[in-house]
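Here the structure is laid out as structure tokens; the discussion comes afterwards.
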Amino acid sequence: MLIAGGGNAAMCAAIMARHGGASVLVLEAAPKAFRGGNSRHTRNLRYMHEGEDGFLTGTYPEDEFYEDLLRVTGGDTNEELARYCIRQSQDAGEWMSAHGIKWQPSLRGTLQLSRTNAFFLGGGKALMNAYYDTAEKMGIRAEYDTEVRDLNIEDGVFRSAVVEHNGQTREVAAKAFIGASGGFEANVPWLKEYWGDAADNFIIRGTPYNKGRVLRELFDAGAKSAGRAKGFHAIALDGRAPKFDGGIVTRLDCVPFGVVLNKHAERFYDEGEDFWPKRYAIWGTLIAGQPEQEAYCIVDAKSIDMFLPSVFPPFEADSVRQLAAAMDLNPAKAEETVNAFNASVKAGTFDPTTLDDCATEGMDPPKSHWARVIDTPPFYGYPLRPGITFTYMGVAVNKQCQVLFNEDQPSPNIFAAGEMMSGNILGKGYLAGFGMTIGTVFGRIAGREAARAVV
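If you read the sequence shown in my numbering, its first letter stands for residue 697, the second for the next number, and so on.
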């Protein structure tokens, strides 16, 4: 069996396929030191549970999980697959522990995740190292710096793949193929097909190896697509981040505690719409729609210690005008915008752990929660750009992770898992930790079903 990709979904698939008796070869386009795709930048996953399990507190039942998903997708999801994913996630913590994953104590605090998301000890890098160690002990082969270049598919049946390593190509035949090599977010020309020149201003916060080559090959062979072409998981990222692979340290969580201005020093969206884990991923798309794909978050001394900072220090000044000038914003306009915001804030009891009653009145757009006047120097500012994590348009699959071809015919031996098929469930928006849920659930299913197809 051949698996393209080396991240969470790929390794979950490899391990399950090996449990099923299959001989498995994993092809990872990245060098060994950078193996793991976007998964090495992750911290947690979200899963359904009916009681405390040592990793999570309380309960998180199917219906609540699904309602959370609906809130961020606006209903743009395949309910059958979404609910199936949620139900199949229930044993994720136990399964992962059995395959080498260690966990942090349940997280408490303002992120509101202690009940819904379990955090990996050592983060995504440690998670991927644990999976690779487990895979090696199980006899799973992994080749690095090896990219799938072409797929030989006849009438929806996989025959072989042409792969490249160190400039040399060879053909690899296999009885089954699992595509788990992510989306096309690192392929800027492909992004520009849908976003135009704006894509030049996007920052790719994950791996530079997700070029979408396998995805394109599947489409060319007649695979059905799922998910919006322009859809992606994108967050507000520090505008000074590198073009690729900046990871979690360039993410900014300051938005709920300040105001966000565009290049014209105008607010453009509700910074306090909902808890950050349910709304942080809309901000990349919002900023992508602003002039020059830029925005700026301003907070004051009351809020600067209430969120995890970027690896880059904030701009700092004794007045909003001075801060705006330092960030190349119109000082007078920025001051006017902040003053208008301050004037609209109504009295309330500030509480970042709840949807509090601190809101604006008569302001468009409003700030629904956590609205406080920005009046305490020093003032701080962060430049923001869209930080793309992964694209949503992928291949359509069924519950067995079989890729669907013409007239929804499932391939007997081509499967997909992870970001490559996330568009079946994520039409828009994102729920913290849910990408890892999709990868873990459908990776295991793909591995199990592929093994059944070949053993």
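Virtual Cβ for every residue (Gly too), placed ideally from N, Cα, C.
Keep in mind the model is a prediction, meaning the values are calculated, not measured.
Item, Value
"Ends of the beta strand (DSSP E) at D1001?", "Run containing D1001: none; DSSP gives neither H nor E here."
"Which of the three DSSP states is assigned to G789 in this structure?", "helix"
"Rank M792, G1123 and M834 by C-alpha distance to the C-alpha of L817 and give the top, closest one.", "M792"
"Taking Cβ to Cβ, would you say F873 is nearer than 8 Å to N1109?", "yes"
"At 4 residues or longer, what runs of the alpha helix (DSSP H) sit wholly inside the segment 993 to 1077?", "1016 to 1022 and 1027 to 1040"
"Of the choices R936, F953 and P952, whose alpha-carbon is the least far from that of T946?", "R936"
"At the level of alpha carbons, what is the spacing between V956 and C993?", "4 Å"
"Going by alpha carbons, who is nearest to Y1088 out of V951, Q986, T1050 and R924?", "R924"
"I699 and I899 - do their beta-carbons sit closer together than 8 Å?", "no"
"The alpha helix (DSSP H) that contains V884, what's its start and end?", "V884 to W891"
"Rounded to the nearest angstrom, what separates S1118 and T1033 at their Cα positions?", "39 Å"
"Taking contact to mean 3 or more Cβ pairs, one atom from each stretch, closer than 8 Å, check whether the segment 1074 to 1083 and the segment 1005 to 1013 are in contact.", "yes"
"Since G879 and H737 are thought to touch, with beta carbons under 8 Å apart, how far apart are those beta carbons, to the nearest angstrom?", "With 8 Å as the limit, G879 and H737 do not qualify as a contact, their Cβ atoms being about 14 Å apart."
"Should the segment 777 to 793 be regarded as contacting the segment 757 to 765, the criterion being three or more beta carbon pairs within less than 8 Å?", "yes"
"At a Cβ threshold of 8 Å, is A937 touching chain D?", "Among the chains in the structure shown there is no chain D, since it carries only a single protein chain."
"Alpha carbon to alpha carbon, what distance is there between A1043 and S735?", "42 Å"
"Can you tell me the Cα-Cα spacing of A718 and A838, whole angstroms?", "14 Å"
"Measure the C-alpha to C-alpha separation of M834 and Y905 and round it to an integer number of angstroms.", "26 Å"
"Below 8 Å between beta carbons: does that hold for I797 and V722?", "no"
"Note down, in chain order, each residue of its chain lying with its Cβ closer than 6 Å to the Cβ of R742, except the 5 sequence neighbours on either side.", "T812, N813, G1129, F1130 and T1133"
"Should G1139 be labelled buried (16 or more other beta-carbon atoms within 10 Å of its own) or exposed?", "buried"
"Identify, in the order they occur along the chain, each residue of the same chain with its Cβ nearer than 7 Å to the Cβ of E1057, setting aside the five sequence neighbours on each side.", "S1040 and K1042"
"Nearest by alpha-carbon distance to R909: which of G1090, M697 and G1135 is it?", "G1090"
"Going by the C-beta, is T946 closer than 7 Å to any heavy atom of the ligand SAM?", "Although the ligand SAM was asked about, the structure shown includes no ligands whatsoever."
"Are the segment 1098 to 1113 and the segment 845 to 855 touching, with three or more C-beta to C-beta distances below 8 Å?", "yes"
"Within 10 angstroms of the Cβ of K907, are there 16 or more other Cβ atoms? Answer buried if so, exposed if not.", "buried"
"Among all the DSSP beta bridges, which residues are the ones paired with E860?", "E843 and T865"
"For the alpha helix (DSSP H) that D764 lies in, which residues bound it at each end?", "E758 to T769"
"Nearest by alpha-carbon distance to Y780: which of A794, N862, V1151 and Y762 is it?", "Y762"
"Within the continuous beta strand (DSSP E) that includes L933, where are the two ends?", "F928 to D934"
"Tell me the rounded alpha-carbon separation between G902 and K926.", "18 Å"
"Where does the unbroken alpha helix (DSSP H) through P1108 begin, and where does it stop?", "Here P1108 belongs to no alpha helix (DSSP H); instead the beta strand (DSSP E) covers Q1105 to A1112."
"Quick check: F1086 and E881, are their CB atoms within less than 8 Å of each other?", "yes"
"Determine the DSSP secondary structure at E988, reduced to helix, strand or coil.", "helix"
"Indicate the three-state DSSP secondary structure (helix, strand or coil) for H715 in the structure shown.", "helix"
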